[in-house]
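Worksheet: the structure to be examined is printed underneath.
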Ligand code: NAD
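Below you can see the structure in the form of structure tokens.
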């Protein structure tokens, strides 16, 4: 198979972990007889330096002409956020990318690896046989995209933010969630606030209708406040969680702490046509950039998600996932997941270990 991949490393640790993910992809291509063409593009502060824009037209075109987008991360040190180069860098890059390609679903798997269970802040009996949840968050609707208003009424400062959804937006993301559940444990939990919000009542109605297209999937509805508690109390009950933009933002970030490091968490953004971009859930980590100690696993697993979701290369993706798992079982640890046992390794050594297990 020949695929063209738009490779946008970005800033901070982005280029460091991207280099390792590309080496892993090369190893997969070699093992399974594929050809992946890496088309490098600039985004974020790196693009600003070269063009004065965070997401220049040439990068947009590169993405448009590719089969999928592999994204690193963008942004500079928070303390330098007022500099032109870094001001609104994330919004101008990531949000612009999402908007340009109408990426309406954000997919975030959260997994607690058996070999890293001591990194999880939850008690061992709560982790049970392991936590393995996929969040599907609607990405381009809801209160973030409705009208935002400030005004004065009766001498008081007031503000409103309008939450809005139409049935197509809900149905599209629901279908993506059910499709994902089909290749997992066949359960979807739809999270809303249908006891109060009109948008949530519509959400629940439409998700229930879409469920009829997937009779083999179990659907449950859960109120968002209860879900927040259940993620901490009994996370093993969840398979796929589908929810609106605002709820998904908060719940998926709360769950992101469970594996123990942002450096382990991949993610994807998909549009209704199945085009996708893949990136680590974390940011550019300026506090550790340039030291060769960033964890490359989130970027490597993002590449695996790309193979599976955009290219249908399920065996190849599984080979990467299993190699990562074996690497962790064998005790390789970058600084973020090191706690006195195991072997402390650099970004490159971690990727070397994954590649060695991929080839074994
Ligand atoms: P961050 O995710 O970059 O870092 C938070 C903490 O997690 C840091 O201590 C960092 O060292 C650690 N971390 C993150 N990824 C890691 C990895 N792979 N290996 C080891 N440790 C890792 O969040 P922040 O510090 O709040 O933001 C830094 C910059 O990143 C900001 O400019 C922000 O706007 C940007 N950002 C970008 C994206 C994106 O590109 N999608 C997402 C979030 C934040």
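In the working numbering, the protein residues as written are 1227 to 1586. Here a beta-carbon is modelled for each residue, glycine too, at the ideal position from N, C-alpha and C. Small disclaimer: the values here were computed from a predicted structure and weren't measured.
> Is residue 1417 near residue 1473, with beta carbons less than 9 Å apart?
Replying inline: yes
> Any contact of the stretch 1381-1399 with the stretch 1505-1521, i.e. 3+ C-beta pairs under 8 Å?
Replying inline: no
> Which residue from 1275, 1484, 1532 puts its Cα closest to that of residue 1494?
Replying inline: 1532
>> Tell me whether residue 1478, by its Cβ, gets closer than 8 Å to a heavy atom of the ligand NAD.
In response: no
> Helix, strand or coil for residue 1534 per DSSP?
Replying inline: helix
>> Taking only three categories from DSSP, how would you classify residue 1421?
In response: coil
>> Among 1264, 1323, 1357, whose alpha-carbon lies nearest the alpha-carbon of residue 1483?
In response: 1357
> For residue 1282, which of 1326, 1374, 1432 has the nearest alpha-carbon?
Replying inline: 1326
> Alpha carbon to alpha carbon, what distance is there between residue 1527 and residue 1491?
Replying inline: 8 Å
> How close, in whole Å, do the beta carbons of residue 1319 and residue 1269 come, if the pair is a contact with beta carbons under 8 Å?
Replying inline: 5 Å
> The beta strand (DSSP E) spanning residue 1446 covers which residue range?
Replying inline: 1444-1449
> Regarding residue 1440 and the ligand NAD, is the C-beta to nearest heavy atom distance less than 8 Å?
Replying inline: no
>> Taking a contact to mean a Cβ-Cβ separation below 9 Å, would you say residue 1535 touches residue 1362 in this structure?
In response: no
>> Within the continuous beta strand (DSSP E) that includes residue 1475, where are the two ends?
In response: Not the beta strand (DSSP E): residue 1475 falls in the alpha helix (DSSP H), residues 1471-1481.
>> Quick check: does the Cβ of residue 1484 come within less than 8 Å of any heavy atom belonging to the ligand NAD?
In response: no
>> Quick check: the stretch 1302-1316 against the stretch 1338-1351, are at least 3 beta-carbon pairs closer than 8 Å?
In response: no
>> For residue 1254, which residues in the same chain have their Cβ closer than 6 Å to its Cβ, ignoring the five residues on either side in sequence?
In response: 1542
>> Measuring only the C-alpha atoms, how far is residue 1266 from residue 1230?
In response: 10 Å
> By Cβ distance, which residues of its chain are closer than 7 Å to residue 1572, with the 5 residues on each side in sequence left out?
Replying inline: 1518, 1519
>> Using CA atoms only, rank isn't needed, just tell me which of 1423, 1582, 1324, 1245 is closest to residue 1548.
In response: 1582
>> Under 5 Å, CB to any heavy atom of the ligand NAD. Which residues pass, going along the chain?
In response: 1299, 1300, 1301, 1316, 1320, 1488, 1489, 1508, 1509, 1510, 1511, 1513, 1514, 1520, 1521, 1562
> Considering only residues of the same chain and omitting the five flanking positions on each side of residue 1442, which have a CB-CB separation below 8 Å?
Replying inline: 1408, 1412
> Starting from residue 1376 and walking both ways along the beta strand (DSSP E), at which residues does that stretch end?
Replying inline: 1374-1379
> Of all the alpha helix (DSSP H) runs that stay within the bounds of the stretch 1287-1353, which reach a length of 4 or more residues?
Replying inline: 1322-1326, 1350-1353
> Whose CA, out of 1431, 1300, 1239, 1457, lies closest to the CA of residue 1445?
Replying inline: 1431
> How big is the Cα-Cα spacing for residue 1261 and residue 1251?
Replying inline: 10 Å
> Mapping DSSP to helix, strand and coil, what is residue 1357?
Replying inline: coil
> Using CA coordinates, which residue listed in 1366, 1342, 1276 is at the minimum distance from residue 1475?
Replying inline: 1366
>> Check for me: the beta strand (DSSP E) holding residue 1506 runs from which residue to which?
In response: 1502-1506
> What's the C-alpha gap between residue 1373 and residue 1344?
Replying inline: 44 Å
>> Let's test the definition: count the other Cβ atoms within 10 Å of the Cβ of residue 1424 and tell me whether it reaches 16, buried, or not, exposed.
In response: exposed
> Which stretch, first to last residue, makes up the beta strand (DSSP E) that contains residue 1387?
Replying inline: 1382-1387
> Does the distance from the C-beta atom of residue 1567 to that of residue 1557 stay below 9 Å?
Replying inline: yes
> What are the start and end residues of the alpha helix (DSSP H) that includes residue 1241?
Replying inline: 1240-1258
> If you follow the alpha helix (DSSP H) that residue 1234 is part of, which residue opens it and which one closes it?
Replying inline: Unbroken run through residue 1234 is the beta strand (DSSP E), 1228-1236; no alpha helix (DSSP H).
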